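Mapping of the sequence shown onto our numbering: residues 3 to 181, in sequence order.
Backbone N, C-alpha and C fix where the C-beta goes; we use that ideal spot for every residue, glycine too.
All values reported here derive from a predicted model rather than from experimental measurement.
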Amino acid sequence: MVYILLAPGFEEIEALAPADLLRRAGIETALVSVTGEPVPGSHSITVTADVALEEVDLSKMDMVVLPGGGPGYKNLGKDPRVEALVREAVKRDIWVAAICAAPTLLGRWGLLEGKKAICYPGMEDQLTGALVQTAPGEIRDGKIITGRAAGNAIDFAVELIEVLLDRAAADKVLESICY
């Protein structure tokens with residue numbers, strides 16, 4: 003199960019493109035509301051999540067995804083339950099993926115120490131402890147995947163599919179959307 007965490011102000015494409023493509027690949031994926039309510043995105047698209055944060059089942063979790071978005075990543079970072087969930091995922095060797103501004107949360111929480119990582123341009127100084135990269139648009143180091151920005155959302159999703167299934171499954175999804 004992949005859990006994609008949504009906080010008010012999340013970047014819609016960074017959450018919904020991965021959700022869509024993961025589901026096309028047959029990967030069980032749930033959108034998670036950290037508020038327990040429908041979640042407004044940064045561009046006024048409100049999403050009704052599949053589950054509330056309290057319903058996340060660690061025993062079934064294969065990956066947790068943190069989308070960015072100006073207020074969204076900040077709201078994720080303000081919620082101690084989100085930090086606890088991500089730390090527990092790292093402790094259990096579960097995949098953690100973050101895109102745009104969200105990788106800075108991993109830096110703040112000390113989870114990027116000595117790891118290659120990328121984030122939204124201009125925020126690199128907040129990737130505390132990371133070996134900052136500027137290309138390509140998504141970086142995998144151990145069980146942590148980071149992505150640059152909304153424009154990389156499809157390639158970011160492909161990386162998630164590849165690590166959870168394989169490259170052939172990712173290519174099949176790409177072919178199905180004429181990418």
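Counterpart residues of residue i in DSSP-defined beta bridges
i: Glu13; result: Beta-bridge pairing links Glu13 to no other residue.
i: Glu115; result: Beta-bridge pairing links Glu115 to no other residue.
i: Met65; result: Val4 and Trp97
i: Ser35; result: Leu8 and Ala54
Cβ-based burial, residue i [other Cβ within 10 Å; buried from 16]
i: Ser44; result: buried
i: Lys117; result: buried
i: Ile120; result: buried
i: Pro82; result: exposed
i: Gly38; result: exposed
i: Tyr181; result: exposed
Residue i in three-state terms, based on DSSP
i: Tyr181; result: coil
i: Glu164; result: helix
i: Arg25; result: helix
i: Ile156; result: helix
i: Glu30; result: coil
Bounding residues of the alpha helix (DSSP H) (the contiguous stretch that carries residue i)
i: Arg89; result: Pro82 to Lys93
i: Leu108; result: Pro105 to Arg110
For residue j and residue i, the rounded distance between their alpha carbons
i: Leu113; j: Gly144; result: 11 Å
i: Ala172; j: Gly72; result: 29 Å
i: Asn154; j: Gly139; result: 6 Å
i: Thr50; j: Pro40; result: 4 Å
i: Trp111; j: Ser178; result: 38 Å
i: Thr106; j: Gly124; result: 11 Å
i: Asp1; j: Ala21; result: The structure shown has nothing for residue 1, since the chain only spans 3 to 181.
i: Ala137; j: Ala151; result: 12 Å
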